[in-house]
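K.L.:
Going down the list, the sequences are from chains E and U.
One point on numbering: in the numbering used here, the residue at position 335 of the first sequence is 335, and numbering is uninterrupted.
One point on numbering: in the numbering used here, the residue at position 254 of the second sequence is 1254, and numbering is uninterrupted.
Ideal placement from N, C-alpha and C gives every residue a C-beta, glycine not left out.
Number of protein chains: 2
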Amino acid sequence: MTIYDISEKAGVSIATVSRVLNGSSNVSEKTKKKVLDVINQYEYTPNAFARGLGLNTMKTIGIMCADSSDLYLAKAIYYIEQKLRTNGYDSILCCTGYDLENKKKSMNLLITKKVDGIILVGSNFIYEKESDNKYIADAATQVPLMLLNAAMDAPNVYSVVSDDYTSMYDATMDMIGKGIKDILYFYNSTSYSGKKKLAGYRAAMEEKGLLKSGNLLQFYQGSHEDIPSMTKHLKKLHAKGVRFNGLIAADDTLALASVKYAKEMNLRIPEDLSIIGYNNSLLVNCCDPELTSIDNKLETLCQHLITGLMGVLSGNEMPKRTIFSGELVKRGTTL
Amino acid sequence: MTIYDISEKAGVSIATVSRVLNGSSNVSEKTKKKVLDVINQYEYTPNAFARGLGLNTMKTIGIMCADSSDLYLAKAIYYIEQKLRTNGYDSILCCTGYDLENKKKSMNLLITKKVDGIILVGSNFIYEKESDNKYIADAATQVPLMLLNAAMDAPNVYSVVSDDYTSMYDATMDMIGKGIKDILYFYNSTSYSGKKKLAGYRAAMEEKGLLKSGNLLQFYQGSHEDIPSMTKHLKKLHAKGVRFNGLIAADDTLALASVKYAKEMNLRIPEDLSIIGYNNSLLVNCCDPELTSIDNKLETLCQHLITGLMGVLSGNEMPKRTIFSGELVKRGTTL
């Protein structure tokens, strides 16, 4: 709700609303009541009023993420909050879960709390169905919306993304270049970013005529941190006779589970099985040999996003979409 | 700021404040101005007014944590937010960092946002110096304050803690009982919880007359997720001639680094070196053999904390301090 809405609903001018709130005596009793009624009804606050006039801001940014216990999202939040604080901004974070209704609720909550901008962390906020994304476009009529690793075309919505497609394409090509042909793709998300990764793998494999079996695409449905159950998924596949000498995982947790699978099957890494993970997270040092993984430059992305947001809040132009390249960091799990 | 403060500062009765906000005409022009001036000056909002009268709440809980990228804190936040949502509450989270001034700022921010209660996650919010904890007692005059894994005596402050002292004492005794005598303690925090853990280890070692060298207490100062640097810390110790056949770590990351150390030194686990971690986190499945670790029943703690908070908000009694026992979950890194 903006100052314009207040004046519209009360049927008075913006100047009159201002006079009432400033306690000016130059307003009739009846007009004053009208304005105060609207304010009470909509829980409009004087400070938000000031912000509507550009006089004052709360210097607070809202952050939304689906799940703060996800390693990648947790790290992104960490960088974003750090950089906001450096810029003199406070932040409030809403962990929404994966359900659309809760996302809408959190978005409304942040708007009610009069934040200066909202950052959506991760690609779980964008849906296939165009109409499901209306809540983002709606919020963007009130405050600038920044998307990290997701993209959407709407006024006042800005995207900073890692080029997951190219990163995955390059990693797959790199593995193929080492003479590895049966490369399994192990993934657990079909989000915006998840789809880009899968498409990158697919493109490389199809270009080389190697995507011969549907078994090479393995979707894992369980909990995102249940490593034993991920390992079990691969062992079941092995029992069914599916064989592969390369594995590319859509995140490091899946890759770590794959390293455990190889050990339990007495496969040598990387001679019998080469493994690449994604995110270059804390987990790359957790296995033996250490994990080759794609670094999607999360800190750079976050830095750019905050710099962009600060610019938008100062009235500067910011590109609607900014794309960064990832980088394959080679360690012991690949040739 | 409460409704009482408004009436006091304006020098009018609470009923008068109420009448002004409800747009009643039964108030003099001069009185109305006084009240509106105070409201404008302190950015007091009508909805907070309603809450002060118990008429309405924002149904929002503030959560503060030092660092959302810490595995343990991230998990706690995840459980807390989930359980709040089940109870129909929204939450806003502030990641404060470890600096006291930022913690105070975040606390004020949450109070300004009119939350119904505040949860402090982790033991980094309590300081040695009594006066440094005044910000918590002050906030508790406005809303109930819940501490997870920290304790403090002040009105309207409630603690739910895991018995870290006993968990660590029991784990150390268990290791000693297996005939292991040179047990190194590897830690990286001197928070409330960090001190309890250390004291538990100390008590067991001293009781058995085994704490013979200061070298057995190893404090790691680097980044909380830089596993290679933790491993290096132990290797330097080895180079200095320090030897041990047991290691108890204050968290799983340190324990994982210790497993890597053992491998690099060609020590057999658990025959040459037994290792126990703390938190029973995602990381226990990340090493080979899998990590023995202390489960501090985080989900139970969080459940109890939310149940207690809901009770306090409904005007029920809640114990000032509730203590849960941890449990040693044995896996491959111990005899």
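Taking only beta-carbon atoms, is U/SER1007 less than 8 Å away from chain E?
P.N.:
Cβ-Cβ to chain E under 8 Å: no for U/SER1007.
K.L.:
Quick one: using the 10 Å Cβ neighbour count with 16 as the cut-off for buried, is U/ALA1015 buried or exposed?
P.N.:
When all chains shown are included, U/ALA1015 counts as exposed.
K.L.:
Per DSSP, what kind of secondary structure is E/CYS286 in: helix, strand or coil?
P.N.:
E/CYS286 falls in the coil class under three-state DSSP.
K.L.:
What number of angstroms, rounded off, separates the C-alpha of U/PRO1046 from the C-alpha of E/ILE39?
P.N.:
Unreliable placement is indicated for U/PRO1046, whose pLDDT of 45 sits below 50; the coordinate value is still reported in the next sentence. Computed Cα separation, rounded: 8 Å.
K.L.:
Where in the segment 219-254 of chain E do unbroken runs of the alpha helix (DSSP H), each at least 4 residues long, occur, reported from the N-terminal end onward?
P.N.:
Counting whole runs of 4 or more residues, the segment 219-254 of chain E contains the alpha helix (DSSP H) stretches 227-239.
K.L.:
Cβ of U/ASP1272 less than 8 Å from any chain E Cβ?
P.N.:
Not closer than 8 Å to any Cβ of chain E, the Cβ of U/ASP1272 fails to qualify, so no.
K.L.:
Helix, strand or coil for U/ILE1269? Go by DSSP, reduced to three states.
P.N.:
U/ILE1269 falls in the coil class under three-state DSSP.
K.L.:
Just by C-beta distance, which residues in the segment 1216-1241 of chain U are closer than 8 Å to chain E?
P.N.:
Answer in chain order: GLU1225, ILE1227, PRO1228.
K.L.:
Classify U/THR1086 as buried or exposed, calling it buried when 16 or more other Cβ atoms lie within 10 Å of its own Cβ.
P.N.:
Exposed is the call here.
K.L.:
For the candidate residues E/ASP70, E/LEU84, E/LEU109, E/ILE126, whose alpha-carbon lies nearest to that of E/GLU225?
P.N.:
It is E/ASP70 whose Cα lies nearest to the Cα of E/GLU225.
K.L.:
Give, in chain order, every residue of the segment 109-131 of chain E whose Cβ lies closer than 7 Å to some Cβ of chain U.
P.N.:
Flagged, chain order: LEU109, LYS113.
K.L.:
Going by C-alpha distance, which of E/TYR135, E/THR112, E/ASP116, E/SER131 is nearest E/LYS103?
P.N.:
Comparing Cα positions, the closest option is E/TYR135.
K.L.:
Does DSSP put U/MET1146 in a helix, in a strand, or in coil?
P.N.:
U/MET1146: strand per DSSP, three-state reduction.
K.L.:
Would U/LEU1256 count as contacting chain E if we go by Cβ distances under 8 Å?
P.N.:
Output row for U/LEU1256: interface = yes.
K.L.:
Out of E/GLU327, E/THR334, E/MET318, state which residue places its alpha-carbon closest to the alpha-carbon of E/SER159.
P.N.:
It is E/MET318.
K.L.:
Any beta carbon from chain E within less than 8 Å of U/ARG1331's own beta carbon?
P.N.:
No, U/ARG1331 lies away from the interface with chain E (no Cβ there is under 8 Å from its Cβ).
K.L.:
Whole angstroms is fine: what's the gap from U/ILE1176's alpha carbon to U/ALA1255's?
P.N.:
So the two alpha carbons sit approximately 18 Å from each other.
K.L.:
Just to confirm the assignment: which complete alpha helix (DSSP H) runs, minimum length 4, are found wholly within the segment 1056-1114 of chain U?
P.N.:
The qualifying runs are 1071-1086, 1100-1112.
K.L.:
If you measure beta-carbon to beta-carbon, which residues of the segment 85-106 of chain E are closer than 8 Å to chain U?
P.N.:
Under the 8 Å Cβ criterion, the segment 85-106 of chain E contributes ARG85, ASP90, SER91, ILE92, LEU93, CYS94, CYS95, GLY97, ASN102, LYS105, SER106.
K.L.:
Among residues of its own chain, excluding the 5 on either side of E/SER258, which ones have a beta-carbon nearer than 7 Å to its beta-carbon?
P.N.:
Excluding residues within five positions, the ones whose Cβ falls inside 7 Å are PHE186, LEU234, LEU247, ALA249, ILE275.
K.L.:
Report all residues from its chain with a CB closer than 8 Å to the CB of U/THR1166; omit the five preceding and five following residues, and keep chain order.
P.N.:
Cβ neighbours of U/THR1166 beyond the five flanking positions: GLY1200, SER1325, GLY1326.
K.L.:
Would E/VAL12 count as contacting chain U if we go by Cβ distances under 8 Å?
P.N.:
No, its Cβ sits nowhere closer than 8 Å to a Cβ of chain U.
K.L.:
Using a Cβ cut-off of 8 Å (strictly closer), state whether U/ALA1171 contacts chain E.
P.N.:
No - not a single Cβ of chain E is within 8 Å of the one on U/ALA1171.
K.L.:
Does U/GLY1117 come out as helix, strand or coil in the three-state DSSP assignment?
P.N.:
Strand at U/GLY1117.
K.L.:
So U/ASP1251 contacts chain E; which residues on that side make the cut at Cβ distance below 8 Å?
P.N.:
Chain E residues near U/ASP1251: none, gap ~13 Å exceeds 8 Å.
K.L.:
Specify, as a first and last residue, the run of the beta strand (DSSP E) that U/SER1159 falls within.
P.N.:
Start and end: 1157-1162.
K.L.:
Taking the alpha helix (DSSP H) that U/GLU1206 belongs to, which residues open and close that run?
P.N.:
U/GLU1206 -> alpha helix (DSSP H) spans 1192-1207.
K.L.:
I need the boundaries of the beta strand (DSSP E) containing E/ILE306, first residue and last residue.
P.N.:
First-last for E/ILE306: 298-313, but that is the alpha helix (DSSP H), not the beta strand (DSSP E).
K.L.:
Under 6 Å Cβ to Cβ from U/ASP1333, same chain only, skipping five residues before and after it: list those, please.
P.N.:
Here the sequence assigns Thr to residue 1333 of chain U, which means Asp is not the residue at that position. Cβ neighbours of U/THR1333 beyond the five flanking positions: ILE1269, PRO1270, ILE1275, PRO1289, LEU1291, THR1292.
K.L.:
Helix or strand or just coil, what does DSSP make of E/GLU327?
P.N.:
DSSP places E/GLU327 in strand when its eight states are reduced to three.
K.L.:
Going by C-alpha distance, which of E/ALA76, E/LYS240, E/HIS304 is nearest E/SER123?
P.N.:
Among E/ALA76, E/LYS240, E/HIS304, the Cα nearest to that of E/SER123 belongs to E/ALA76.
K.L.:
Flag U/THR1060 as yes if its beta-carbon sits less than 8 Å from any beta-carbon of chain E, otherwise no.
P.N.:
True, the Cβ-Cβ gap to chain E drops below 8 Å.
K.L.:
Relative to the C-alpha of U/TYR1098, which candidate in U/GLN1142, U/LYS1083, U/LEU1148, U/SER1189 has its C-alpha closest?
P.N.:
The option with the nearest alpha carbon to U/TYR1098 is U/SER1189.
K.L.:
Kindly say whether U/THR1016, judged by its beta-carbon, lies nearer than 8 Å to any beta-carbon of chain E.
P.N.:
No - not a single Cβ of chain E is within 8 Å of the one on U/THR1016.
K.L.:
Determine the chain E residues that contact U/SER1068 at a beta-carbon separation under 7 Å, and present them in chain order.
P.N.:
Simply SER68, ALA74, ILE77, TYR78.
K.L.:
With DSSP collapsed to three states, give me the class of U/TYR1187.
P.N.:
Note: U/TYR1187 maps to strand in three-state DSSP.
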